[in-house]
Amino acid sequence: MNIITNIIIFCNVFFLFYLVVYASSLLVSNMYGSIKMYRYRKLERLHNELDHEFYFPISIIVPAYNENVTAIQTINNLLKLDYRLFEIIVVDDGSTDNTKQLLIDTFGLKRDTDMPIRYQVPCRPIKEVYKGKSGNIPILLISKENGRCKADANNAAINVMSYPYFVCMDADEVLQRDALKYASRAILEENNVIGIGGNIKISNNVSFGDAMPVSASLGKNFISDMQILEYGRAFVGSRIFQNLMNSNLIISGGYGVFKKSAVVAVGGYDQKSIGEDMELTMKLHEYYRKNKLPYSMKYVPDSVCWTQAPESLKDLKKQRERWHCGLMQNFWKYRRMLLNPKYGIIGMLTIPFMMLYELYCPFFILLGWLTIIASTILKIINVPYVVIISLVYVLLGILLTITSFIDKLYMKSDYFSAVDVIKGLGIAIIDAFFFRPFLFIIEFFAFFKYKKISKNWVSPKRVQVKTE
Amino acid sequence: MPKLFDKRADIGKYMSNLNILSMLLVYIAIAMSIIISHIFIGYSIKNYENNLTRKKKFWLNVFSECKNSGTYLLKKGLIKKLKDATMLEAFSDAYNEAREDNSDIKRILYDNRAQIAELGSKLRSNTMRAFFAYMLTGFDLRKPIDHQHFDDIMLRYLSYGSVYVRENALLALLSFGNEKKIAEAFISLSENNIYHSEKLLGDDLLKFTGDQAKLAEELMDVFSKLNNCFKVAVINFLRYTGNHNYDIDFRNMLDSSDISIDIMCCIIRLLAKFYSLQNGEAILKVLENNYNSENWEPAAVAASSLVPYDFDNVVQALIGALNSKTWYVRANSAKSLAAMRISDAYIFKVICGNDRYAMEKLTYELSKMEVDAV
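Chains A and B supply the protein sequences, listed in that same order. Going left to right, the first sequence walks through residues 5 to 472 as my numbering numbers them. Going left to right, the second sequence walks through residues 50 to 423 as my numbering numbers them.
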């Protein structure tokens, strides 16, 4: 009995430290994120910027599988980019709808027969390449065998593209008009930048005019609104802080800018990966650190891409199961980096932290609850005290969520009103008591459904974005 | 630390010992204060424009008084106010506005140049320094008498760690139009091993307000002392401005064994812009020496630069380069051969050769030329 008691006491103390470390890291990263965002605006106001007419030529890759609802709108938005030199490469990944023909007809694309293709990174065979222009902007359409994953589509585009940098994005997104400008400035600021992560925001209740948001308040769908808060926590509250240590482990597949030669050097995207975006980022970290090559992967909060978030619990569940499986897969694949001093702060701090607080978090939470129950039964716990601590902890989480939300104040071209803040507070409360436990349950069961999820992934329902 | 193996230890004791609740409450206080500060900052952002307009009016009044009194020397107290970011912005905006109506307004800068320069040298934050430099660029101080007090400060700014300070300081120096100071700036950055993007440097040099030919001369005088990123910028600057007075020096550099690949490629692009037999020979030599080497980049650039030189030896070299192990060399060679509209005899030679990739690439480029022509 004493042994059991001592184990439970040990667990209780462990969870206290677990929560304290997490709360501390959230607070520090939130504060840092807020200060940095404020500084970005101040820097811009005082002309601390690299404002040029010409930056780098960039290829924008748009993988499209059965995207006839959104592909044309996405391309039209890309054509409005405030950037001088770029090309658009749409990859029709064996669509069974009329995506390909729609693109050919809309943009007057002509087949480029016998175009030699250099397969630098693996992908399914490319069947046809169509070329055209809209104004001065080249548009390429690659038609290929279905690779069953976005990674394959991205790799195909890498094999065809002409420019030294590329953007990966999804076919249902709106890349903000000034996004590439901010990304390119980040490349100019330092030598050896090989990847830029952009700020991904939810477009579900946003209206656009000329690829810029015109209005962006919280909508009527709680699920997408909760994700707005969640993305704010993740991007502003966490990734800006990780810039300090060059330790961002994920440059999102929804929007990222990469140096082509770096991606080719590591073999491109992994077609077997469920989370190909994280896999590529970790692979780049591993390669550059192992070979002691100077590099930098940065997160740029002003380089914005708007994406559609699932609006139903069913779609959200599928998405989060896939993300968690991707997390599992990538940490297993790169387990050699864990606590390995050869990989610096990534191996010694970032990966262990993410494993504890992202990957295995559902287990720790479950264990925590079991410990509390056992402690209560054994009468070795001060129940009111535990309740107070829990409520205070939840309150802290809610306040930090609101802080990240209010950081919109410093975002360029983002909008919110006092009503949104009050609404956000309400949503943050529901988020703390419902949304996050719901996500923990999904992530917990994702461990046991890994094989099933890794084989079958279906994209959520697409809708067109609102334009004015 | 709690004694883990005591019987029935009360967890509450450990928790109070660790002061967890107090700590969390402190965190909540910090989070609340962040939210409150956001509210204040939001308010100040909203009022920023009004604040700036008010301060600009203040400076316009000051300039107006100076104009009426005929004295443009400002009191020390007024200059001190410029340490505030919004005041400095307002000063800059007011000056640029007053300049449109009053040509004498330049005397504000001239009569107070020592004080303003001292202000610039004493600014503590890189953000303010970068803005100060930006402000000077906007003042259009082309005459030596206008900017000589600010030259040294801008040169000093180059050594500060911020890329924005460096960039704005360089732009300020370029706006002054003094080519010697630009050369001095480049040497200073090279000696201190400070990196600045070649792309930025090359584009910035085009904003030089003085004599670009003299600037080229000064930069070429110190060329050997510069780091690679600055050398690349200088060569690109010569290319953008069509200055081929130094082609002979660059042709000689191509023969050097320790030249970097980036510089070689830049030199080839420069030589390619000016048709001469000597330039053609130099580019051809690069292609012949490198088309199958590990350093293939210069060969790829050379291959795309030989189109105007449709001599037999050049065509033969390009046909040979079609067999290069490097994709880009083959691709560029094929493009150049197609653009040269080589004779059927040459085409036949490639088609009948052993290299399938060479044949495919050449026929593709030839067919593209036909389609484009149609």
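Here a beta-carbon is modelled for each residue, glycine too, at the ideal position from N, C-alpha and C.
query                                                                                                                                                                               : result
Do the region 158-172 of chain A and the region 129-137 of chain A meet, that is, are 3 or more Cβ pairs less than 8 Å apart?                                                       : yes
Contact check, Ser385 (chain B) vs Ala352 (chain B) under 8 Å by CB: the rounded distance?                                                                                          : 6 Å
Can you check DSSP and say which residues form a bridge with Met301 (chain A)?                                                                                                      : A:Gly199
At 4 residues or longer, and completely inside the region 271-315 of chain A: list those alpha helix (DSSP H) runs for me, N to C.                                                  : 280-294
By how many angstroms is the C-alpha of Ser417 (chain A) removed from the C-alpha of Ile236 (chain B)?                                                                              : 41 Å
Cα separation between Asn6 (chain A) and Lys455 (chain A)?                                                                                                                          : 41 Å
How would you call Gln246 (chain A), buried or exposed, if buried means at least 16 neighbouring beta carbons within 10 angstroms?                                                  : buried
Which residue wins for smallest C-alpha separation from Ile200 (chain A), given the options A:Ile206, A:Leu288, A:Glu149 and A:Lys114?                                              : A:Leu288
Please classify Phe90 (chain A): does DSSP put it in a helix, a strand, or coil?                                                                                                    : strand
When we look at the beta-carbon of Gln365 (chain B) and count the other beta-carbons within 10 Å, is it buried (16 or more) or exposed?                                             : exposed
Would you check if the region 221-236 of chain B and the region 185-192 of chain B touch, i.e. whether three or more CB-CB distances between them fall below 8 Å?                   : yes
Please classify Ala143 (chain B): is it buried, with 16 or more other beta-carbons within 10 angstroms of its beta-carbon, or exposed?                                              : buried
Relative to the C-alpha of Arg173 (chain B), which residue among B:Val214, B:Val75, B:Arg162 and B:Arg148 is closest?                                                               : B:Val214
Relative to the C-alpha of Lys116 (chain B), which residue among B:Gly126, B:Leu131 and B:Asn151 is closest?                                                                        : B:Asn151
Helix, strand or coil for Tyr134 (chain A) per DSSP?                                                                                                                                : strand
Looking at C-beta atoms only, is the number of pairs between the region 339-353 of chain B and the region 362-376 of chain B that lie closer than 8 Å three or more?                : yes
For Ser339 (chain A), does the three-state DSSP call read helix, strand or coil?                                                                                                    : For the record, residue 339 (chain A) in the displayed sequence is Arg; it is not Ser. In this structure, Arg339 (chain A) counts as helix in the three-state DSSP scheme.
Does Thr176 (chain B) get closer than 7 Å to chain A when you measure Cβ to Cβ?                                                                                                     : yes
Compare the C-beta of Tyr295 (chain B) with all C-beta atoms of chain A and state if any pair is closer than 7 Å.                                                                   : no
For Asn295 (chain A), which option in A:Gly348, A:Lys185, A:Met352 and A:Ile446 has the closest C-alpha, if you only look at C-alpha atoms?                                         : A:Gly348
With DSSP as the reference, please indicate the residues paired to Ala321 (chain B) in a beta bridge.                                                                               : Paired residues: none, contrary to the question.
Determine the burial state of Leu53 (chain B): buried for a count of at least 16 other Cβ atoms within 10 Å of its Cβ, exposed for fewer.                                           : Confidence at Leu53 (chain B) is low in this model, with a pLDDT of 43, below 50, so the placement of that residue should be treated as unreliable; the coordinate-derived value is given next. Its Cβ having fewer than 16 others within 10 Å, Leu53 (chain B) is exposed.
Quick one, which residues of the region 70-95 of chain B are near chain A if we go by CB-CB under 9 Å, in chain order?                                                              : Leu70, Met72, Leu73, Leu74, Tyr76, Ile77, Ile79, Ala80, Met81, Ile83, Ile84, Ser86, His87, Ile88, Ile90, Gly91 and Ile94
Name, please, each residue of chain A whose Cβ falls closer than 7 Å to the Cβ of Lys410 (chain B).                                                                                 : Pro120
Going by CA-CA distance only, name the one from A:Val218, A:Ala450, A:Ile79 and A:Gln77 that's closest to Glu325 (chain A).                                                         : A:Ala450
How should Lys56 (chain B) be labelled, buried or exposed, when 16 other C-beta atoms within 10 angstroms of its C-beta is the threshold for buried?                                : Unreliable positioning characterises Lys56 (chain B) in this predicted model, as indicated by a pLDDT of 45, which lies under 50. The coordinate reading is nonetheless provided below. Exposed, by the Cβ-count rule.
Please list the residues of the region 187-216 of chain A that have a C-beta atom closer than 9 Å to any C-beta atom in chain B, keeping them in chain order.                       : Ile191, Leu192, Glu193, Glu194 and Asn195
Since I believe Glu346 (chain B) is in contact with Cys315 (chain B) (beta carbons under 8 Å), could you give me their beta-carbon distance rounded to a whole number of angstroms? : About 11 Å; that fails the 8 Å criterion.
Could you pull the start and end residues of the alpha helix (DSSP H) that Ser29 (chain A) belongs to?                                                                              : Asn6 to Arg49
Counting only the same chain and skipping the five closest in sequence on each side, list residues whose C-beta sits under 8 Å from that of Ser208 (chain B).                       : Ser237, Asn241 and Ile243
Assign Phe360 (chain B) to one of two classes, buried (16 or more other C-beta atoms within 10 Å of its C-beta) or exposed (fewer than that).                                       : exposed
In whole angstroms, what separates the C-alpha of His245 (chain B) from that of Leu317 (chain A)?                                                                                   : 49 Å
Can you have a look at Ser99 (chain A) and say buried or exposed, based on whether 16 or more other CB atoms are within 10 angstroms of its CB?                                     : buried
Do Trp327 (chain A) and Ser207 (chain A) have their beta-carbon atoms positioned less than 7 Å apart in this structure?                                                             : no
From the beta carbon of Glu216 (chain B), is the nearest beta carbon of chain A less than 7 Å away?                                                                                 : yes
Given that a residue counts as buried once 16 or more other Cβ atoms are within 10 Å of its Cβ, and exposed if not, what is Glu71 (chain A)?                                        : buried
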